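What follows is a single structure, written as structure tokens, with notes after it.
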Amino acid sequence: MRVLYGIIVFFALFLLACSDAEREEKRLEGNLLMKGDSGVCYDGIGLTESYLVLLARGCDTIIQVFDKDDLSHLHAFALKGYGATYFSNPEFMKSNTKEPAGKDEFWIVDNQLTFNKMQVLADSLRFDRKYILIPELVPSTHYNVTTKEVYAVPIVEKNVYGPFCYANREEGIYWVEPPKVARTYRSCKHVAYLPNLCVNERQNSVVAALRFFNQIDFYDLKGTYQRSFTYGKEPIVPLLKKNDTQVDVLGTTKCFIDIFGTDRYVYCLYDGSVDFSNLSTLLVLSWDGQLKKRLNFDRSIKRIAVDPSDGFLVALALDESGALDVVKYLL
Numbered sequence: 041m042r043v044l045y046g047i048i049v050f051f052a053l054f055l056l057a058c059s060d061a062e063r064e065e066k067r068l069e070g071n072l073l074m075k076g077d078s079g080v081c082y083d084g085i086g087l088t089e090s091y092l093v094l095l096a097r098g099c100d101t102i103i104q105v106f107d108k109d110d111l112s113h114l115h116a117f118a119l120k121g122y123g124a125t126y127f128s129n130p131e132f133m134k135s136n137t138k139e140p141a142g143k144d145e146f147w148i149v150d151n152q153l154t155f156n157k158m159q160v161l162a163d164s165l166r167f168d169r170k171y172i173l174i175p176e177l178v179p180s181t182h183y184n185v186t187t188k189e190v191y192a193v194p195i196v197e198k199n200v201y202g203p204f205c206y207a208n209r210e211e212g213i214y215w216v217e218p219p220k221v222a223r224t225y226r227s228c229k230h231v232a233y234l235p236n237l238c239v240n241e242r243q244n245s246v247v248a249a250l251r252f253f254n255q256i257d258f259y260d261l262k263g264t265y266q267r268s269f270t271y272g273k274e275p276i277v278p279l280l281k282k283n284d285t286q287v288d289v290l291g292t293t294k295c296f297i298d299i300f301g302t303d304r305y306v307y308c309l310y311d312g313s314v315d316f317s318n319l320s321t322l323l324v325l326s327w328d329g330q331l332k333k334r335l336n337f338d339r340s341i342k343r344i345a346v347d348p349s350d351g352f353l354v355a356l357a358l359d360e361s362g363a364l365d366v367v368k369y370l371l
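If you read the sequence shown in my numbering, its first letter stands for residue 41, the second for the next number, and so on.
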């Protein structure tokens, strides 16, 4: 009887373990929403409650808004150019808890100089433009705004080796150090530790998914290192050149290439190739660094945007001709 009980317990634990494994790893099959055009290169993708938003820096209609129910119709757009009513180099703001976007609103950072709150109207876009008033942050990418600070990744070489910084107008700028810094990479300034950055103020969490390391680092809002998550069995590090003073960007494996945050999870997009040729993997983690799911895509994905419900995402996916399709994945 005791043996029978042991067998039953063993199989129960085995089935539970299998169930956990299935829940943590899943292959995603995409549903094509818009076929790519080789003449149009999309740079970013976003969602509001009613609309799909695409950024196309090479097009005259540089910001394009489509109704979710009719993707064949361009609902609204903004034009490329310089001046008060134009955009020249837009990217989506990663998060903003100081002034959250409403139902059909979204935030754009343009030319690393201005914050723009975009509102989709009946057939047009209205926006409120504010200049970034912290000169130490300009130019930067991966902007996140909290009630007290602005977090960003400066894109010009500075005499620092931190992955990102945060600042406010009263206290200035603070550079965050990477964890367990190897002296080998200090001379490469912040390039070696270049991250995809996302902030969740409510969770007191800043996530840096590194481009040239297979590592995701977690910090609190003050930049204090909390923990790291490493994807894969072996560490991936940047290749160096010129007496170990520069990163060989072209020859180095590209690890995490995009990031997106919701209230519950942070989504980190992993490539793992030198030339962006691999089928992509999505790691879904809690804001305290616990892996919840590993999702394997059926395509090479370049950018993602996740619905606030965590039920689906939309992505820019590379097709056989090199064009970028818009694809939907159920999570």
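The beta carbon of each residue, even a glycine, is placed where N, CA and C say it ideally should be.
All of these numbers come straight from a predicted model, not from anything done at the bench.
Of L73, L309, G98 and Y91, the smallest CA-CA separation from V80 is found for G98. Cβ contact annotation for Y369 (same chain, cutoff 6 Å, sequence separation greater than five): L68, G70 and L353, in chain order.
The C-beta distance from N184 to V239 rounds to 4 Å, short enough to meet the 8 Å contact threshold. Note that the segment 234-253 touches the segment 295-307; at least 3 beta-carbon pairs, one per stretch, sit closer than 8 Å. Under DSSP, the beta-bridge partners assigned to Q159 are E145 and R166.
DSSP places E65 in the uninterrupted beta strand (DSSP E) bounded by E65 to R67. The alpha helix (DSSP H) runs of length 4 or more contained entirely in the segment 229-298 do not exist; there are none. Between L237 and Y310 a beta carbon distance of about 16 Å is seen, past the 8 Å cut, so the two are scored as non-contacting. Look at T186 here: in three-state DSSP terms it is coil, with no helix or strand label. Shown here for V196: same chain residues with a beta carbon closer than 7 Å to its own, the five before and five after excluded, namely P179 in chain order. In this model, K120 and F337 are separated by some 33 Å (Cα to Cα).
One thing to note: V287 has its Cβ within 8 Å of the Cβ of A232. When secondary structure is reduced to three states using DSSP, S78 falls in the coil class, being assigned neither helix nor strand.
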